[in-house]
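Numbering (my numbering) for the sequence shown: 8 to 280. Beta carbons: idealized from backbone N, C-alpha and C, even for Gly. It should be emphasised that the depicted structure is a prediction, and the values quoted were computed from it without experimental measurement. For reference, the structure is listed below as structure tokens.
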Amino acid sequence: MTGSGKQCAGIVQAARPGKYRVGLVLGSGLGTLADAVEDAARIPYTEFPDFPVSTVSSHKGELVAGRLAGQEVIVLAGRAHYYESGDPTRMRTPLETMKALGCEILLLTNAAGSLRPEVPPGFPMLITDHINFSGLNPLIGEESEARFVDMSAAYDKVLCASLRKIAADNEIPLGEGVYAWFSGPSFETPAEIRMARTLGVDAVGMSTVPEVIIGRFLGLRIAAISTITNLAAGMQAELSHVETKEMGLKGVGRLTALVTGLLASLDKDVADA
Ligand code: HPA
């Protein structure tokens with residue numbers, strides 16, 4: 008750890024002492040889930056050393072420590088995107104903070120554009136693998152041997168299986184597939200989307216992949232869900248950030264059911280093991 012994660016964890020422990028188990032990162036328009044956290048301490052990012060301050064209008068910039076669906080959770084309502092600063096390491100301190108607070112599981116959410124017409128706006132998509140199309144890596148400059156992170160099973164198979172079951176049990180349509188990280192902030196071109204489709208991509212977005220790399224570096228078990236806000240460039244008339252925010256809101260009910268279902272299932276998981 009770089010050190011500030013432990014310092015930030017101390018700030019959370021002072022506000023709400025406890026042992027936390029799950030870290031949750033909320034993407035564009037998905038912040039309402041943070042409001043559902045009970046017995047919560049809500050701490051603005053500005054109170055932590057080295058936390059990113061988001062410049063995206065739909066991102067709140069608040070750490071919420073509390074209880075959700077029976078689990079002690081740390082929720083990051085608002086994330087840093089590479090395109091805001093040109094720095095792919097901006098989520099390292101927040102994720103180190105979760106790790107220092109005891110989190111073992113990292114649940115990542117985002118807004119994404121779908122390359123599959125059968126997984127349209129408003130649908131959740133389980134990320135089962137990714138393509139880092141940016142050429143960037145948040146571990147560049149890391150000196151420890153731990154930097155050679157194995158990414159062959161980055162998305163936890165047990166958590167993915169639980170999410171599929173929760174979706175089936177609750178009649179939630181759930182796409183799944185490969186997410187590709189493009190740097191943004193401009194959307195992709197139709198030609199880039201055709202290229203991505205040829206490469207086996209199912210959804211595109213501007214986040215999450217750096218967090219998966221850092222999360223695996225920290226030894227966290229990861230599950231990630233996209234909320235599809237639009238069909239990718241060239242597959243519909245035009246793309247706008249307003250639409251991304253609106254469809255994010257539509258998908259939030261399904262996402263909430265999946266996330267709370269997964270949290271509630273975790274103890275069962277352990278009991279079954
Ligand atoms: N491309 C990249 N990022 C996105 C998209 C998209 O189409 N939709 C939501 N986030």
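- At a cut-off of 7 Å, the beta-carbon of residue 139 does not count as near the ligand HPA: no heavy atom of the ligand is closer than that.
- The beta-carbon separation of residue 48 and residue 23, rounded to 4 Å, stays under the 8 Å limit for a contact.
- Counted as a single uninterrupted DSSP element, the beta strand (DSSP E) harbouring residue 228 occupies residues 228-238.
- Less than 8 Å separates the beta-carbon of residue 263 from that of residue 40.
- Looking at the DSSP output, residue 139 shares a beta bridge with 188.
- Of 241, 260, 227, 68, the smallest CA-CA separation from residue 102 is found for 227.
- Around residue 77, the same chain offers 270, 271, 274 as residues with beta carbons nearer than 8 Å, after the five sequence neighbours per side are excluded.
- With a cutoff of 8 Å on beta-carbon distance, residue 154 and residue 146 are scored as near each other.
- Within the segment 79-133, complete beta strand (DSSP E) segments of at least 3 residues are found at 112-121, given in chain order.
- As a beta-bridge residue in DSSP terms, residue 50 pairs with 70.
- For residue 33, the enclosing beta strand (DSSP E) has its first and last residue at 29-33.
- Within the same chain, and ignoring the five residues on either side of residue 265 in sequence, the residues whose Cβ sits closer than 7 Å to its Cβ are 131, 170, 173, 174, 179, 232.
- A Cβ-Cβ distance of about 20 Å is found for the pair residue 138 and residue 32, leaving them out of contact under the 8 Å criterion.
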